[in-house]
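With mature numbering (1 follows the signal peptide of the UniProt record, and there is no 0) applied, the sequence shown corresponds to residues -27 to -1, 1 to 267, in that order. Heads up, the beta-carbon is just placed ideally off N, CA and C, and yes, glycines get one too. Note that this is a predicted model, so its numbers are computed, not measured.
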Amino acid sequence: IYTFLHMGLSPVSMLLLLLLTGVCINGYKPVIIVHGIFDGPKQFETLSSFITKVHPGTEVSVIDLYDNMASLKPLWRQVRDFRKAVDSIMQKAPDGVHLLCFSQGGLICRALLATLPDHNVHSFISLSSPQAGQYGDTDYLKWVFPDCMKKTVFRICYNRFGQKVSICDYWNDPHQRSRFLQSNSFLVMLNGERPHSDMKVWRENFLRIKKLVLIGGPDDGVITPWQSSHFGFYNNTESIVEMRNQDFYRNDIFGLKTLDARGDMSVCVHSGVKHVQWHSNFTVFRSCIEKWLT
């Protein structure tokens, strides 16, 4: 453009020349989508079409890794490989990217943001993700542990073997708090609930985002409690402790309170949306997602 100005071209001529030379002028940042447990790229064709319909020309990448049953692999392993894939896309997008992550994918994205220095993610959109953990007898749990109820899953999850199954990496039994803090190797690290040497760096990395968008609702049917999608969770009587009353928020351990104070957190609640419908519901897209993808 600088060269074109020095050539004395009018704005109209410059626009035509940019179009003819294939230069992208739509102004929309690339969108990277990370799927959830038992999902893959196929489930996000509708969401991708929503994005390109309202923002023509947007580059949408649905990461094709750990699809379907492979999504049960340990989350730190998944984070490592998703981080490489996301980083390669970011390197080609000097103006930044948006990260749109569904369900388990929201935790993967949060971890890669914490561990990826110098990332250029603008909006991190967490779509019905168990950010504060999961504790519920759902169909997903029965698929993974068919002979267990939520009260006994901790016996499998809270040991080094259980931590090799992704759902155990964020299984948060409110009645087994001490075991969770001692045995979990993923969520407690992200939350800084068990101190570690990388906490300060991870916080700084996470705070590089410009906007955090948290989406969820009471009829989800899978994320339990559903408020986990907004960083709320059960206490030991299974009453909900909202995000702003969580210790990790009040102590600003990984940056939530700072984002909130900056005005860079958006919480979106939708009723009547089942878990598998979030990424194909156009109303959710228009009201909760679209405006953050510019």
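When you compare each of the options to residue i by their alpha carbons, which one comes out closest?
{"i": "Glu32", "options": "Gln51, Leu48 and Met63", "result": "Met63"}
{"i": "Ala105", "options": "Lys124, Arg128 and Ile81", "result": "Ile81"}
{"i": "Val195", "options": "Ser212, Ala87, Val249 and His243", "result": "Val249"}
{"i": "Arg181", "options": "Phe127, Val94, Asn209 and Met172", "result": "Val94"}
{"i": "Leu160", "options": "Arg152, Trp175, Trp144 and Ser170", "result": "Trp144"}
{"i": "Gly135", "options": "Arg223, Val59 and Val117", "result": "Val117"}
{"i": "Tyr39", "options": "Pro14, Ser22 and Ser61", "result": "Pro14"}
{"i": "Leu86", "options": "Pro191, Asn208, Val59 and Tyr108", "result": "Val59"}
{"i": "His252", "options": "Lys2, Gly9, Gly(-1) and Tyr1", "result": "Gly9"}
{"i": "Phe258", "options": "Thr25, Tyr1 and Asp37", "result": "Thr25"}
{"i": "Arg167", "options": "Arg152, Asn178 and Phe179", "result": "Arg152"}
{"i": "Phe227", "options": "Val174, Phe11, His148 and Leu114", "result": "Val174"}
{"i": "Phe17", "options": "Gly(-1), Ser76 and Pro67", "result": "Ser76"}
{"i": "Ser158", "options": "Arg176, Cys130 and Asn178", "result": "Cys130"}
{"i": "Cys261", "options": "Tyr1, Phe23 and Phe11", "result": "Phe23"}
{"i": "Lys123", "options": "His148, Ala234, Val240 and Asp171", "result": "His148"}
Is residue i helix, strand or coil when you go by DSSP?
{"i": "Leu72", "result": "strand"}
{"i": "Cys121", "result": "coil"}
{"i": "His95", "result": "strand"}
{"i": "Ile6", "result": "strand"}
{"i": "Leu114", "result": "helix"}
{"i": "Ser158", "result": "coil"}
Under 8 Å by Cβ, that's how I've got residue i and residue j pegged, so tell me the actual separation to the nearest angstrom.
{"i": "Leu100", "j": "Cys74", "result": "7 Å"}
Verify whether the separation of the beta carbon atoms of residue i and residue j is less than 8 Å.
{"i": "Phe221", "j": "Gly165", "result": "yes"}
{"i": "Thr197", "j": "Tyr108", "result": "yes"}
{"i": "Leu187", "j": "Asp237", "result": "no"}
{"i": "Leu89", "j": "Arg56", "result": "yes"}
{"i": "His71", "j": "Ile5", "result": "yes"}
For this session: Please list the segments of the alpha helix (DSSP H) lying wholly inside the segment 161 to 229, counting only runs of 4 or more residues, in order along the chain.
Result: List check, alpha helix (DSSP H) in window: 172 to 179 and 220 to 223.
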